[in-house]
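Residue numbers (this note's numbering): 382 to 726. Note that CB positions come from ideal geometry on N, CA and C, so glycine has one too.
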Amino acid sequence: MRLFLALLLLSGCLISGNGFAADALREVLIVEGINQQRPPNNRSTIGKRYVWNFQGKSYTVLMIIDVERYNSYAGKERYDIPKLVAEGTGVIGNLKHEFQKTFRQNRHWTQQERVDFVLSFVQSLPYTLDDVTTGYDEFRRYAIETLIEGGGDCEDTTILAAAILSGLGESTALIFTPGHIALGVSGDFKGTAFAYNGTNYYYCETTGTGWTVGTVPAAYARKVDTIVPLTPFKTGPAPEPQKVTRPAPVQPIPTPKPTTPTVEPGTEKPKQERQTASDTDNVAGHIIAIIFILVGIAVPIVYLVYRYLLSNPNGDGDDDWPDEDTDDDGRLLPRDADSKNPLDE
């Protein structure tokens, strides 16, 4: 009986623990106005703060994101966009709850205004290119990655918007145009819509600012390649993008300022080391020492050559003494009276 109770208790802890870890956003708060408070950073969490405008008012969202949960996406598959959206819907539940709370505080908002409010938040994130932020030409981010890395391209922001709106109960679809992707939302809206199997999906642009439901940028209004419904999550006739993988996970470093996406470092050519001033001084010192040694050796040699060869070509010794007079037999002759020995002076 005790063993059964222990197993039951352990199972309950595991279930509650998994439920807690399912949401990568530990805490989220949306407030009206500009909030200068910034969530703290530590080894296990990173705080983010985003400010955007909607209908002439400013709004602030504060988030505390689980670092371990964020890093767990490093090696995940990024090929199927509907799967990325479905995954995002499950891990940003606290953000969805904050949007719902804001909607309850503004009960007069229509369905279009609620969707426009979410779009205005997503559009406020900076647009970044994959090859600049990740080192890959094509790199799809999960919703939590776009939030913590502070932006992305059209694929990334569309995945994030789809994850939020699908979690809020909206019927959504992916809208593919040449070189671009946007979101479609079904409902009582005005503007441009695209039909798929009898359902009208109103165009939602997720990049730039000021785009509302049903408004299509002129560059993307001419042709729609494919529509892929996301609610319920299906695999439609989506084009097959290039399959990519993510670089090795990098532990983000907490910083008091908003972090930007980490660029994957490329291969650098080895740089030639520059000769420092100290190295130059050492070489000059060696050269000067060698010169002094050579001068020290050369001076005595020059002196000896001059002393014994040039100044005394006969090689008969010192020239300070006068030569002795001798006769033919070698006997010493007496000196003249006028001749004096230097030592007699």
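When the options are compared against residue i, the one with the closest alpha-carbon
i      : options                           : result
ILE462 : ALA542, ARG495 and ARG419         : ALA542
ALA554 : GLU586, ILE446, HIS489 and TYR440 : GLU586
ASP497 : GLY572, GLU530, GLY474 and GLY531 : GLY572
LYS477 : GLY550, ARG459 and GLN493         : GLY550
ASN452 : ALA600, ILE427 and GLN436         : ILE427
ALA602 : THR590, GLY560 and ASN578         : GLY560
VAL499 : LEU528, ILE545, ALA524 and GLU530 : ILE545
GLY595 : VAL503, GLY565, THR607 and LEU611 : GLY565
SER501 : GLU449, VAL442 and GLU526         : VAL442
LEU506 : VAL676, ILE671, TYR684 and GLU530 : GLU530
ARG521 : GLY456, TYR583 and ILE678         : GLY456
GLN486 : GLU413, ILE682, PHE673 and ASP404 : GLU413
ASN434 : ASP447, GLN492 and VAL503         : VAL503
SER567 : GLU526, LYS604 and GLN493         : GLN493
GLU526 : TYR454, ILE672, ASN422 and LEU611 : TYR454
ARG424 : ILE411, CYS535 and VAL448         : VAL448
CYS535 : SER552, ILE556, ASP404 and SER547 : ILE556
Residue i versus residue j - alpha carbon distance
i      : j      : result
GLY533 : VAL597 : 20 Å
THR731 : VAL609 : Since the first residue shown for the chain is 382 and the last is 726, residue 731 is missing from the structure and cannot be characterised.
TYR508 : THR588 : 7 Å
ARG430 : PRO420 : 7 Å
ARG488 : ARG495 : 10 Å
LYS652 : HIS667 : Model confidence at LYS652 stands at a pLDDT of 42, short of 50, so the residue's coordinates are unreliable; what they give is reported in the following sentence. Taking the straight line joining both Cα atoms gives about 27 Å.
GLU408 : GLU458 : 27 Å
LYS464 : ALA524 : 11 Å
ARG450 : GLU479 : 20 Å
GLY437 : GLY591 : 12 Å
THR558 : ILE540 : 15 Å
ASP537 : ILE562 : 10 Å
ASN416 : THR483 : 16 Å
TYR460 : ALA467 : 13 Å
VAL678 : VAL686 : Note that residue 678 is Ile in the sequence shown, not Val. Approximately 13 Å between the Cα atoms of the pair.
ARG688 : VAL680 : 12 Å
ILE336 : LEU406 : No information on residue 336 is available, as it lies outside the stretch 382 to 726 that the chain covers here.
VAL432 : TYR440 : 6 Å
GLY474 : ALA599 : 34 Å
Reduced DSSP category for residue i - H, G, I as helix; E, B as strand; rest coil
i      : result
TYR454 : coil
PRO610 : strand
ASP602 : Note that residue 602 is Ala in the sequence shown here, rather than Asp. Three-state DSSP puts ALA602 in coil, outside helix and strand.
THR527 : helix
ASN581 : strand
GLY677 : helix
THR641 : Unreliable positioning characterises THR641 in this predicted model, as indicated by a pLDDT of 36, which lies under 50. A coordinate reading is not provided.
PHE484 : helix
N-terminal and C-terminal residue of the alpha helix (DSSP H) that residue i is part of
i      : result
ASP537 : 535 to 548
GLY469 : 462 to 472
ASP497 : 492 to 504
Extent of the continuous beta strand (DSSP E) run through residue i
i      : result
GLY565 : 561 to 567
GLU413 : 406 to 413
LYS438 : 438 to 447
VAL432 : 426 to 435
THR553 : 552 to 558
Cβ-based burial, residue i [other Cβ within 10 Å; buried from 16]
i      : result
ASP569 : exposed
VAL472 : buried
ASN578 : exposed
TYR684 : exposed
ARG627 : Caution is warranted here: a pLDDT of 34 is assigned to ARG627, below 50, making its placement in the model unreliable, and the coordinate value is therefore given only provisionally. So ARG627 ends up on the buried side.
THR491 : exposed
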